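Numbering of the sequence shown is given in my numbering, commencing with residue 324 and proceeding in unit increments.
Beta carbons are placed, not taken as given, at the ideal position from N, Cα and C, and that holds for glycine.
Computed from a prediction, not measured in an experiment: that's the story for all the values here.
So the structure is just underneath, and the comments pick up after that.
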Amino acid sequence: MNDLQKNRAVAIWLVIGAIMIIIQVLLGGITRLTGSGLSITEWKPILGALPPMNEQQWHEAFDKYKQIAQFKYIHNYFTLSDFKFIYFWEWFHRNWGRFMGVVFAVPFIWFLYKGKINRSMLWPMVTLFVLGGITGALGWIMVKSGVGTELVYVDHVKLAIHLMSAVVLFCFVVWFALKISYQRPSLVMPDSIKTFNIVLIVLVTVQLIYGAFMAGTHAAKSAVTWPSINGSYFPDLFSENGGDFWHNITSNLITVQFIHRNLAYLILLLIIIFTVKLYQQNKDSKLYKLRNLPVAITLVQVVLGITTLVTYLNEHNKLVFGVLHQLFGILTIGTLVVTLYFTGKKFK
Numbered sequence: 324m325n326d327l328q329k330n331r332a333v334a335i336w337l338v339i340g341a342i343m344i345i346i347q348v349l350l351g352g353i354t355r356l357t358g359s360g361l362s363i364t365e366w367k368p369i370l371g372a373l374p375p376m377n378e379q380q381w382h383e384a385f386d387k388y389k390q391i392a393q394f395k396y397i398h399n400y401f402t403l404s405d406f407k408f409i410y411f412w413e414w415f416h417r418n419w420g421r422f423m424g425v426v427f428a429v430p431f432i433w434f435l436y437k438g439k440i441n442r443s444m445l446w447p448m449v450t451l452f453v454l455g456g457i458t459g460a461l462g463w464i465m466v467k468s469g470v471g472t473e474l475v476y477v478d479h480v481k482l483a484i485h486l487m488s489a490v491v492l493f494c495f496v497v498w499f500a501l502k503i504s505y506q507r508p509s510l511v512m513p514d515s516i517k518t519f520n521i522v523l524i525v526l527v528t529v530q531l532i533y534g535a536f537m538a539g540t541h542a543a544k545s546a547v548t549w550p551s552i553n554g555s556y557f558p559d560l561f562s563e564n565g566g567d568f569w570h571n572i573t574s575n576l577i578t579v580q581f582i583h584r585n586l587a588y589l590i591l592l593l594i595i596i597f598t599v600k601l602y603q604q605n606k607d608s609k610l611y612k613l614r615n616l617p618v619a620i621t622l623v624q625v626v627l628g629i630t631t632l633v634t635y636l637n638e639h640n641k642l643v644f645g646v647l648h649q650l651f652g653i654l655t656i657g658t659l660v661v662t663l664y665f666t667g668k669k670f671k
């Protein structure tokens, strides 16, 4: 039995972990879209695993929520029943994170005990747990931005940082699973393939950041029309805050939406070119076998993005299409990580 076959159980465990990360990202999306993210105003790593257990505890939790700006300015009509609904999603999101910690930690200890974790895997495993811890900590920092401040939602930049930490963790786990499952090609593909792949990953990363900006600022509601932006293809992008460049590209709702839309068009165009290049590869290569996957996922993602935008004012549609849009966003970058792995070890 070779090393790759011996690693099968560990690889399956990592794939399960990657799927759980995707679910966690989607739960984060649901939490955001239902306005639930600030419903739990404190962080209790252990005791927080349990929800309020009686009416008195529920009223105490609700009273704490009533102290923050979101309740005062947005949800001041909430009853206890309304509060319980948003509390559930934030509680579920946090507890899924705790469950993930168990799913990663317990098998790791078991594999270590059984000698399934060799020396070459040890530091990647440490990195995995560090990234997981950082993602959780950034989640609380994000929540804190909407507690004890005048913000009615979490800070959108901190939301983007939290999301991207989860994306980095996901990509790392996918790469790690591939590394212990498949031998990378020793003869690399042409430089243009690898370069194209890396450029696409960078652009999709920026696009995911702007997706978080869109979500955190609720920028979609500023223009729910397509293909124009409120009747214009080139709206005034730098009109806010005295024309401050940084403010406008991160916080001006129209500018954020303009960048997010046009990045999508650029990425789709480059993905199509990338697909043409994949069709030119050796038919026995993994890249050739994966040739249709990036463009198929990207096309679905673009359609979902447009649908999310034009139906944004319908709460049910916003939730369904918004979560699906987030799912295909992480699948897009995950697919590009897989194709990058199979481009080979080095540039020519």
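query	result
Is the segment 473-485 touching the segment 377-395, taking contact as three or more C-beta pairs under 8 Å?	yes
Comparing C-alpha positions only, which one of 541, 356 and 560 sits nearest to residue 643?	356
For the candidate residues 497, 656 and 374, whose alpha-carbon lies nearest to that of residue 528?	656
Use the C-beta contact count for residue 470: other C-beta atoms within 10 angstroms, 16 or more gives buried, fewer gives exposed.	buried
Residue 404 by DSSP, collapsed to three states: which one?	helix
Below 8 Å on the Cβ atoms is my guess for residue 349 versus residue 650; work out the distance and round it to an integer in Å.	6 Å
Taking the beta carbon of residue 514 as the centre, do at least 16 other beta carbons fall within 10 Å, making it buried, or is it exposed?	exposed
Taking all protein chains shown into account, do 16 or more other C-beta atoms lie within 10 angstroms of the C-beta of residue 554, making it buried, or fewer, making it exposed?	exposed
Assuming contact is defined by CB atoms lying nearer than 8 Å, are residue 489 and residue 421 in contact in what I supplied?	no
With respect to the alpha helix (DSSP H) encompassing residue 398, which residues constitute its N-terminal and C-terminal limits?	Run containing residue 398: none; DSSP gives neither H nor E here.
What residues are listed by DSSP as bridge partners for residue 552?	555
Sort 441, 572, 382 and 482 by Cα distance to residue 459 and report the nearest one.	482
Considering only residues of the same chain and omitting the five flanking positions on each side of residue 338, which have a CB-CB separation below 7 Å?	500
Quick check on the DSSP output: what are the complete alpha helix (DSSP H) runs of length 4 or more inside the segment 354-384, in order along the chain?	none
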